[in-house]
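Okay, structure first, notes after.
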Amino acid sequence: MYGIERVGAFAEVEIFNGQNWYREGARQLLKQQRGNGSWGDPWGREHSTTSYCLLFLNRASSPKSGPGGGRSAVTYGDDNPEETISLRAAGDSPITLWVSSFGDALFNKYVFEGEEEIGLRVKQVDYLTEGGVLLADSRHGGAKWIYTTKAPSEGWAQPTFDTKGWKSGAGAFGPKDSPRLAVGTSWTSSEIWLRKEIELQPNRLTNPELTLNFGAGAGGVQSKLVKLFDEEKEFVSHLTDGSGAALNVSGDASSGERYLRITPRQRHKVRIPGWGFPIRAKPGDGEYRYIQFAWRKPANNVMIQLAIDGAWGRSVRYFSGENQIAFNPAIEITAKAPKRWTVVTRDLWADMGQDGFVTGMALTAMDDSEADFDAFYLAQSKSDFRRKEGLLAEVPEWAAANLEGPRPAELEALTLYLNGKKAADVDWETDNFETVLADEELREYLVPGRNLIAVHAKNSSSGRSLDLSLLGSKLLATAKGNPDKAKRGERYAARFSMPRPGMYDVWARAHVLDEATGESIAIDSKPLSLNIRSALDPKMLEYATDGLHNQMNGMVESVEASSFIPGWEPNRAVDNNQIRGWVSIDGDAAPEINVTLTRPVRADVLLLSPTRVIRANASRTTLATRVEVTINDRGAPIVATLLPGRLIKTPIHFGRAQKIRSLRVRIVAQTEGKDPTLTGVGFAEIELQLHGR
23 MYGIERVGAF
33 AEVEIFNGQN
43 WYREGARQLL
53 KQQRGNGSWG
63 DPWGREHSTT
73 SYCLLFLNRA
83 SSPKSGPGGG
93 RSAVTYGDDN
103 PEETISLRAA
113 GDSPITLWVS
123 SFGDALFNKY
133 VFEGEEEIGL
143 RVKQVDYLTE
153 GGVLLADSRH
163 GGAKWIYTTK
173 APSEGWAQPT
183 FDTKGWKSGA
193 GAFGPKDSPR
203 LAVGTSWTSS
213 EIWLRKEIEL
223 QPNRLTNPEL
233 TLNFGAGAGG
243 VQSKLVKLFD
253 EEKEFVSHLT
263 DGSGAALNVS
273 GDASSGERYL
283 RITPRQRHKV
293 RIPGWGFPIR
303 AKPGDGEYRY
313 IQFAWRKPAN
323 NVMIQLAIDG
333 AWGRSVRYFS
343 GENQIAFNPA
353 IEITAKAPKR
363 WTVVTRDLWA
373 DMGQDGFVTG
383 MALTAMDDSE
393 ADFDAFYLAQ
403 SKSDFRRKEG
413 LLAEVPEWAA
423 ANLEGPRPAE
433 LEALTLYLNG
443 KKAADVDWET
453 DNFETVLADE
463 ELREYLVPGR
473 NLIAVHAKNS
483 SSGRSLDLSL
493 LGSKLLATAK
503 GNPDKAKRGE
513 RYAARFSMPR
523 PGMYDVWARA
533 HVLDEATGES
543 IAIDSKPLSL
553 NIRSALDPKM
563 LEYATDGLHN
573 QMNGMVESVE
583 ASSFIPGWEP
593 NRAVDNNQIR
603 GWVSIDGDAA
613 PEINVTLTRP
623 VRADVLLLSP
633 TRVIRANASR
643 TTLATRVEVT
653 INDRGAPIVA
663 TLLPGRLIKT
673 PIHFGRAQKI
683 RSLRVRIVAQ
693 TEGKDPTLTG
703 VGFAEIELQL
713 HGR
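Position 145 of the sequence shown, counted from 1, bears residue number 167 in the numbering used here, the numbering being contiguous throughout.
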């Protein structure tokens, strides 16, 4: 019982499973108290039992008045006759809201003749808050859409259209490794047509808002080829380190009109924003194998270095002439430096000898004269370089993803239809989720009941991602009134609980009867801000039972990691305990953890919990944002974007149950912490579950 008191006190929770834990516990303890005031147990531990009982009851002996007095009910709101509606609230979980009064102007306008001393006729009062999800985007689990990548017949956006032959898939749509969105369905074709039917209740059409996330993502229509540099004058701003200078030079370029000139000694950056290009032996969408570039050095020596996995330790180096600065290992291209523009094509994967990610670049002039560089591309095959002229005028996807604000796109890049009517033409790429239609605009198209949302979107050579959401107000409770008769002193009270702790803005919508028209008029109060402390987050309650469903519990044979901080060893990430976990050392360019089980287990979902290392060191705030998961050391890895937040687990679904004997989780992207030198990252817990039993 003392454990219950500790949890309730520290969590500031009053109610467990619908019961006031303190009241019920105190009642039981008082029944069991002996005549001399002590308590005992079957094992004769009188002193310790009495101590724990007194600690539990200590709350009842706290002062009830003056400073530091006991707890009282939390109240909100006041009366203001100048407001249309005044709200009051009391409690926490649950909380009670009521209409304290109607404003003078509202009352005088809608009171019935002869009822001035009684009150208004009110059909009902709805209590609302923000956050009503009418159509979920990938941040809320992703809705199921009907889609096709083959041009449908005329009338495809009409509610009566027959979608036989169309496919079903969860949003978002785009390249699987999109840096923008958690993609649920792969989209790499040139166009896509989407349909989604939703059912809307009349009271949900409150301040509706349709948001769109649409723009470049890794891979795509021409994902076999990616431009690193060719014409972009902004590229020099990414090479921030080194003793030399990076200059844009126009004219006499190897490709296009502009090239890079590097003065001695070099300019470099180990992690260029937006980079992280996978190099694979058998590249798939958004993966590459070959590199091509052009260089010239009228005298002496020249070198290019590619940072791999965020470090120079595994970098690939190419040089011509003499390796004057002795950066090794390095591959000699020619014995003499090229005096004229020379194009170099290399099998980068073969030169690396293993998989990796290109994250940065160093351009090295070496001695006392400049070196020129141009036209850097990655491709899946050598033949793909033939198409690079088509990308000459385009901003590279990785660079576009780092630009602020919306970016221009072609006309009708995306067209939105609501209930068969064209509602919006989008000719830009959004920066993130942006509102396309809101409130009155949206209510022109949406109706109570069944609605159809249809989208036609065009891809780009950089590979776009697409996701939509429809948000509205969330109905918390409704208090019924009587539109046929006013009632003196009616407060239209409602009691409800919030889903989790936090700040909430809640307002009332009173449906007041108008004597002149006989119709009810919806009138909103100003929001009342509530600070909910005692609600139990259902997701956290679900987490509490995850350990019981962990298929790995007691089945781990061995666990290894690329590195670890003492006290945060890899075995702590598979001990079925969230308190500790695995954290890599600072500077580990490719943090990785490998788990081998004693025998295969069936599972269809992997749960990854963020590290809790911040509790031990407040400066360690780095979190993993993207991982590659390999099952049983076979097949292509599953690329997953992790949910943001330190207290949120990310589920990675396998699609179907698999027998798993080994698991490799590699962190390929992470946040930048408060202290950029503290780059250690990892997981508090790695779990396997079987949901589709």
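Even glycine gets a Cβ: it sits at the ideal position worked out from N, Cα and C. Quick caveat, the model's predicted, so the values are computed rather than measured.
Query                                                                                                                   : Result
Selected residue, minimal CA-CA separation from Ser208, among Asp489, Ile708, Ala557, Asp608                            : Asp489
Three-pair Cβ contact test at 8 Å for the stretch 604 to 616 versus the stretch 578 to 589                              : yes
Which residues DSSP lists as bridging Pro300, in chain order                                                            : Phe379
Span of the alpha helix (DSSP H) around Tyr44                                                                           : 43 to 54
Touch test, the stretch 542 to 552 against the stretch 663 to 679, Cβ-Cβ under 8 Å, three pairs minimum                 : no
Test: Leu250 CB closer than 8 Å to a CB of chain B                                                                      : Among the protein chains of the structure shown there is no chain B, as only one such chain exists.
Pro622 in three-state terms, based on DSSP                                                                              : strand
Close Cβ partners of Ala501 (< 7 Å) along its chain, the five nearest in sequence each way excluded                     : Gln146, Val147, Tyr514, Ala515, Ala516
Contacting residues, own chain, Cβ-Cβ under 6 Å from Asp331 (five flanking each side not counted)                       : Gly378, Phe379, Ala611, Ala612
Beta-bridge partners of Trp529, as assigned by DSSP                                                                     : Leu150
Ile26 - DSSP class collapsed to helix/strand/coil                                                                       : helix
Short Cβ contact (8 Å threshold) for Met383 with Val324                                                                 : no
Local conformation of Gly91 per DSSP, three classes                                                                     : Reliability fails at Gly91, whose pLDDT of 38 lies under 50, so the model's placement of it is uncertain and the value that follows must be treated cautiously. Note: Gly91 maps to coil in three-state DSSP.
Helix, strand or coil at Ala566 according to DSSP, with G and I counted as helix                                        : helix
Residue range of the unbroken alpha helix (DSSP H) whose run includes Tyr310                                            : It is not in any alpha helix (DSSP H) - Tyr310 carries neither H nor E in the DSSP assignment.
Own chain, CB closer than 7 Å to Ala445, minus 5 neighbours either side, in chain order                                 : Leu438, Tyr439, Leu459, Tyr467
Contact check, Gly99 vs Ser122, beta carbons under 8 Å                                                                  : yes
Trp371: first and last residue of the uninterrupted alpha helix (DSSP H) it sits in                                     : 370 to 374
Residue from Arg287, Leu669, Phe341, Arg293 whose Cα sits closest to the Cα of Ser391                                   : Arg287
Backbone secondary structure at Phe195 - three-state DSSP                                                               : strand
Neighbourhood of Leu128 by C-beta distance below 6 Å, restricted to the same chain and skipping five residues each side : Thr106
Local conformation of Lys255 per DSSP, three classes                                                                    : helix
One or two residues paired with Lys394 in a DSSP bridge                                                                 : Residue identity check: residue 394 is Asp in the sequence provided, not Lys. Answer is Arg283, Arg318, bridged to Asp394.
Close beta carbons around His478, own chain, < 6 Å, minus the five adjacent residues each side                          : Trp215, Thr437
C-alpha distance - Asn322 paired with His260, whole-angstrom precision                                                  : 26 Å
Spatially closest choice to Val155 from Val448, Ser491, Gly196, by CA coordinates                                       : Ser491
For Asn270, the nearest candidate out of Glu256, Met574, Ser276 (CA to CA)                                              : Glu256
Beta strand (DSSP E) segments (min. 3 residues) lying fully within the stretch 115 to 148                               : 117 to 124
Arg624 classed as buried or exposed, judged by whether at least 16 other C-beta atoms fall within 10 angstroms          : exposed
Three-state secondary structure assigned by DSSP to Tyr74                                                               : helix
Beta-ladder partner(s) of Thr672, from DSSP                                                                             : Leu630
Three CB pairs or more closer than 8 Å across the stretch 336 to 348 and the stretch 359 to 371                         : yes
Contacting residues, own chain, Cβ-Cβ under 6 Å from Phe398 (five flanking each side not counted)                       : Leu250, Phe251, Phe315
Beta-carbon spacing of Leu552, Ile37 below 8 Å                                                                          : no
Gln180 - partner residues in DSSP beta bridges                                                                          : Paired residues: none, contrary to the question.
Sheet register partners of Trp167 (DSSP bridge)                                                                         : Gly191
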